[in-house]
Amino acid sequence: MGFIKSIFSKNEEESLILSGNEKYKLRDYNNAVSDYTRALEAKPDLPSAYYGRAICKFALKDFTGSKTDLSYLEQNYPEFSDRVFFYLGIIAIEENKLDSGISYLDKFLSKNQKDSEGFYRRAKAKSLLDDSAGAIEDYDKAIQIDPTNSEALLFRGVEKLKLKDVKHAILDFNYSIEIQPNNAKAFNNRGLAKMQLEENDEAQKDFQSAIDLEPSYACAYYNYACIKNKLDRNIDALDYLDKAIQEKENFIEAYLMRANIRLKLDNPDGALHDCDKALELNPKNFEVYKKRGELKKILMDYNGAIEDYINASTLDPTNIEIYLQLADLEKEINNLDASLSYLNMVVELKPDSEKGLMDRGKIKLNQNKFVEAIYSFTKVIEINPKLLEAYYLRAKAKYSLKDNHGAIADINQAMQNPDYYDAYIFRGSMRSDAGDYYGAALDYSKAIKLNPNSFEAFYNRAKANKNMEKFKDAELDLNTALKINPSFADGYVLRALVDLEMWDYKQAIKDCESAININGALKDRLEAIMEKAKSKIYNPLNSGK
């Protein structure tokens with residue numbers, strides 16, 4: 000904004016004001032302020048001196064001092080109001096008083112409809128308020144008034160990019176670059192737009208151009224890293240992130256991305272170091288606590304992960320994902336009451352949280368609180384009738400409450416997924432409990448066909464075969480179950496019982512000993528079986544093995 004033209008007499012005050020004006024033009028703001036102040040000391044009633052001093056203080060970012068002079072002009076010299084409103088608006092925006100800033104610029108623009116800079120400044124304020132449509136409207140006016148306003152073109156492109164109008168954003172960046180070819184920000188933003196269009200080679204060229212124009216441009220290095228990461232060029236991405244952090248030590252987003260990439264490269268300790276550094280820079284950053292919690296979980300530092308997720312929850316108390324993570328971690332360390340507490344918070348915040356209800360139901364089932372488990376699974380089914388696992392788990396709860404009819408109805412519903420081998424194992428167990436060993440064996444066979452590595456299915460089929468006195472088939476199933484899971488103590492116990500039936504007494508003793516080695520608590524139970532087997536071996540009338 001230029002200075003108001005005034006006619007002064009040839010006196011000291013006029014000379015000081017003229018001197019201040021010349022120093023302002025030379026950007027010698029401190030000495031200009033001194034000249035204007037001396038003029039006002041000689042004659043306090045000099046609006047041009049107040050105005051000159053105000054805009055010099057503005058240039059020096061002494062917004063408090065600038066506002067004092069501008070406010071004095073606003074109250075006492077209405078002829079200066081247009082310029083006063085302009086600068087008061089910009090200062091308010093600089094102080095993040097965006098609504099106040101827009102209000103001042105509204106007043107300025109009501110009388111200055113041909114001022115490109117005024118519309119540009121108001122547009123930037125609207126952008127900060129996430130009013131992209133309003134910002135674009137003001138940028139349009141700024142550009143109509145001054146088609147060479149490259150900054151307005153640049154930032155209009157940024158707003159269009161926010162609205163996913165990528166192609167028109169690129170046009171704005173192109174025009175901005177034509178007018179101002181050395182504008183690194185325009186190249187950087189055009190690179191971002193091209194990256195969204197999957198024009199990765201062109202995007203990289205733009206990021207490189209931005210860096211060539213401004214070698215200390217941290218954001219350009221960061222964006223270059225983003226595209227390298229997107230292309231799985233992880234080592235290259237790390238190099239660019241290193242440069243971004245070198246240029247901008249407090250670049251938290253760069254630390255976070257570097258942590259993610261280091262994790263992908265199997266360097267969780269390095270990733271943890273990046274998170275620690277980011278938290279040194281900003282101890283109240285939600286995303287960093289969340290990421291560090293994730294890393295500590297991977298490193299099996301469950302208590303440390305819980306602490307980080309709790310810190311994250313204090314920064315965002317309504318974030319459901321954080322409470323779900325806390326619930327998982329508390330469950331991991333077998334603190335089921337704490338896990339339930341977090342799941343209750345999830346359901347309170349979001350009553351239709353499928354995972355929250357599902358996980359709560361699983362814990363209730365594990366705690367033998369079958370009625371409460373059924374309630375949770377029923378809610379899940381109401382939300383998502385196609386979630387077959389909910390039917391399966393509700394069937395288990397109903398069966399535990401002797402509601403066999405309800406359990407069968409639910410398990411049959413779960414079997415709509417023909418690949419759900421767990422459902423066949425459970426239905427087999429129900430049939431076995433009812434004495435239908437043949438039907439149970441059929442269900443276990445279906446489960447084995449779906450999952451040949453399920454030692455539980457082989458073990459259960461072995462029990463059914465034993466009950467049908469198909470001892471050789473039972474032995475074969477147990478051999479397979481124990482090959483899949485050699486530390487399955489119950490498998491050795493059952494095979495010992497089958498060994499007895501097949502007169503293989505030495506093997507029965509070996510299987511009992513294997514079971515005891517795995518689980519010493521079985522010793523008392525198995526001593527009787529071993530004594531029986533030994534008595535058969537040493538009995539001369541025994542015709543067995």
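The sequence shown lines up with residues 0 to 544 when you count with numbering that gives the first Met the number 0.
Note that CB positions come from ideal geometry on N, CA and C, so glycine has one too.
Restricting to runs no shorter than 4 residues, where is the alpha helix (DSSP H) found entirely within the region 88 to 122? 97 to 110
With 16 other CB atoms within 10 Å as the buried threshold, where does T147 fall? Indexing the sequence shown from 1 puts residue 147 at position 148. Result: exposed.
Suppose you measure from the CA of D211 to the CA of P417; what does that come to, to the nearest Å? The count along the sequence shown starts at 1 and reaches residue 211 at position 212. The count along the sequence shown starts at 1 and reaches residue 417 at position 418. The straight-line gap from Cα to Cα measures roughly 60 Å.
Contact defined as beta carbons within less than 8 Å: I believe R494 pairs with D472. What is the distance between those atoms, to the nearest angstrom? Residue numbering aside, residue 494 sits at position 495 when the sequence shown is read from its first letter. Residue numbering aside, residue 472 sits at position 473 when the sequence shown is read from its first letter. Not really, about 13 Å apart at Cβ, beyond 8 Å.
What is the DSSP secondary structure of K290, counted as helix, strand or coil? For the purposes of this step, residue 290 is identified with residue 291 of the sequence shown, where counting begins at 1. It is helical.
Along the chain, where does the alpha helix (DSSP H) containing S375 start, and where does it finish? Along the sequence shown, one-based indexing puts residue 375 at 376. Segment 369 to 382, the alpha helix (DSSP H) holding S375.
Could you check if G556 is buried or exposed, using at least 16 other CB atoms within 10 Å of its CB as the buried criterion? Absent from the model: residue 556. The displayed extent of the chain is 0 to 544, so no value can be given.
From this set, L162, D268, F285, K184, which residue's C-alpha is nearest L153's C-alpha? Reading the sequence shown from its first residue, position 154 is the one you call residue 153. Among L162, D268, F285, K184, the Cα nearest to that of L153 is on K184.
Proximity to I373 [Cα-Cα], best of L386, R359, A58, K385: Translated into the one-based positions of the sequence shown, residue 373 becomes position 374. If we check each option's Cα against that of I373, R359 comes out closest.
Measuring CB atoms only, is the region 413 to 427 touching the region 442 to 454, in the sense that at least three cross pairs come out at less than 8 Å? Touching, per the Cβ criterion.
For K289 versus A311, is the C-beta spacing smaller than 8 Å? For this step, residue 289 is matched to residue 290 along the sequence shown. For this step, residue 311 is matched to residue 312 along the sequence shown. Result yes, Cβ atoms of K289 and A311 sit closer than 8 Å.
Please state whether DSSP places P46 in a helix, a strand or coil. Mapped onto the sequence shown, residue 46 falls at position 47. If DSSP states are grouped into helix, strand and coil, P46 belongs with the helices.
Would you decide whether T479 is buried or exposed? Buried here means 16 or more other CB atoms lie within 10 Å of its CB. The residue given as residue 479 occupies position 480 in the sequence shown. It counts as buried.
Coil, strand or helix - A337 by DSSP: As a first step, residue 337 is located in the sequence shown; it is residue number 338 there, counting from the start. Reduced to three states, the DSSP call for A337 is helix.
Which residue spans inside the region 484 to 533 form an unbroken alpha helix (DSSP H) run of at least 4? 488 to 500, 504 to 517
Thinking C-alpha only, which one of Y86, Y491, L499 is nearest L521? As a first step, residue 521 is located in the sequence shown; it is residue number 522 there, counting from the start. Checked all of Y86, Y491, L499; the closest Cα to L521 is Y491.
To the nearest whole angstrom, what separates the beta carbons of R120 and I89, a pair I think is in contact under 8 Å? Locating residue 120 in the sequence shown gives position 121, counting from the first residue. Locating residue 89 in the sequence shown gives position 90, counting from the first residue. Their Cβ separation, rounded to whole angstroms, is 6 Å, which keeps R120 and I89 in contact under 8 Å.
Same chain only: Cβ atoms within 6 Å of I447, ignoring 5 sequence neighbours per side: As a first step, residue 447 must be located in the sequence shown, where it is residue number 448. Contacts found: A456.
If you draw a straight line from the C-alpha of A514 to the C-alpha of E474, how long is it? The residue given as residue 514 occupies position 515 in the sequence shown. The residue given as residue 474 occupies position 475 in the sequence shown. Cα to Cα, A514 sits roughly 16 Å from E474.
Close beta carbons around A217, own chain, < 6 Å, minus the five adjacent residues each side: One-based indexing of the sequence shown puts residue 217 at position 218. A243, E246, K247, F250, listed in sequence order.
With DSSP as the reference, label M357 as helix, strand or coil. Here residue 357 refers to the residue found at position 358 when the sequence shown is read from its first residue. Of the three classes helix, strand and coil, the one that applies to M357 here is helix, per DSSP.
Return the residue from the list M501, I517, N516 that minimises the CA-CA distance to A532. The residue given as residue 532 occupies position 533 in the sequence shown. Nearest C-alpha to A532: M501.
If I measure Cβ to Cβ from L328 and keep anything under 6 Å in the same chain, skipping five residues before and after, which residues do I get? Translated into positions along the sequence shown, residue 328 becomes position 329. Within the same chain, L328 has close Cβ partners Y301, A304, I305.
What is the rounded straight-line gap between the Cα of L555 and the Cα of M256? Within the shown structure, residues of the chain are numbered from 0 to 544, placing residue 555 beyond reach of any answer.
Are three or more beta carbon pairs between the region 67 to 77 and the region 42 to 50 nearer than 8 Å? yes
For K131, the first and last residue of its enclosing alpha helix (DSSP H): Position 132 of the sequence shown holds residue 131. One detail in the question is off: residue 131 reads as Ser in this sequence, not Lys. It spans 131 to 144 - the alpha helix (DSSP H) in which S131 sits, taken as one unbroken run.
Could you give the DSSP three-state label for L25: helix, strand or coil? Taking the first residue of the sequence shown as position 1, residue 25 is located at position 26. Note: L25 maps to coil in three-state DSSP.
Through-space distance from D231 to S109, alpha-carbon basis: Here residue 109 is taken as the residue at index 110 of the sequence shown, counted from 1. Here residue 231 is taken as the residue at index 232 of the sequence shown, counted from 1. For S109 and D231, the distance between alpha carbons rounds to 53 Å.
Apart from the five residues just before and just after I517, which ones in its own chain have a Cβ nearer than 6 Å to its Cβ? For the purposes of this step, residue 517 is identified with residue 518 of the sequence shown, where counting begins at 1. Hits under 6 Å: S486, A488.
One question on the structure: do L191 and L162 come within less than 8 Å of each other, judged by their Cβ atoms? Taking the first residue of the sequence shown as position 1, residue 191 is located at position 192. Taking the first residue of the sequence shown as position 1, residue 162 is located at position 163. Taking 8 Å as the Cβ cut-off, L191 and L162 do not qualify as a contacting pair.
Alpha-carbon to alpha-carbon, I536 and G543: Mapped onto the sequence shown, residue 543 falls at position 544. Mapped onto the sequence shown, residue 536 falls at position 537. Here the model assigns G543 a pLDDT of 49, short of 50, so the residue's position is not dependable and the matter cannot be decided.
Quick one: residues in its chain with C-beta nearer than 8 Å to the C-beta of D307, no 5 flanking neighbours on either side, listed in chain order? As a working mapping, residue 307 is identified with position 308 in the sequence shown. Contacts found: Y288, K289, R291, G292, K295.
Would DSSP call Q366 helix, strand or coil? If you number the sequence shown from 1, residue 366 lands on position 367. Three-state result, Q366: coil.
With DSSP collapsed to three states, give me the class of T479. Here the question's residue 479 lines up with position 480 in the sequence shown. The answer is helix: DSSP assigns T479 an H, G or I state.
My assumption, with CB atoms under 8 Å, is that L348 sits in contact with T317. Please give the rounded CB distance. Counting from 1 along the sequence shown, the entry for residue 348 is found at position 349. Counting from 1 along the sequence shown, the entry for residue 317 is found at position 318. Confirmed, Cβ separation roughly 6 Å.
Do A396 and L364 have their CB atoms nearer than 8 Å? The residue given as residue 396 occupies position 397 in the sequence shown. The residue given as residue 364 occupies position 365 in the sequence shown. Yes; because the gap between Cβ atoms is below 8 Å, this pair is in contact.
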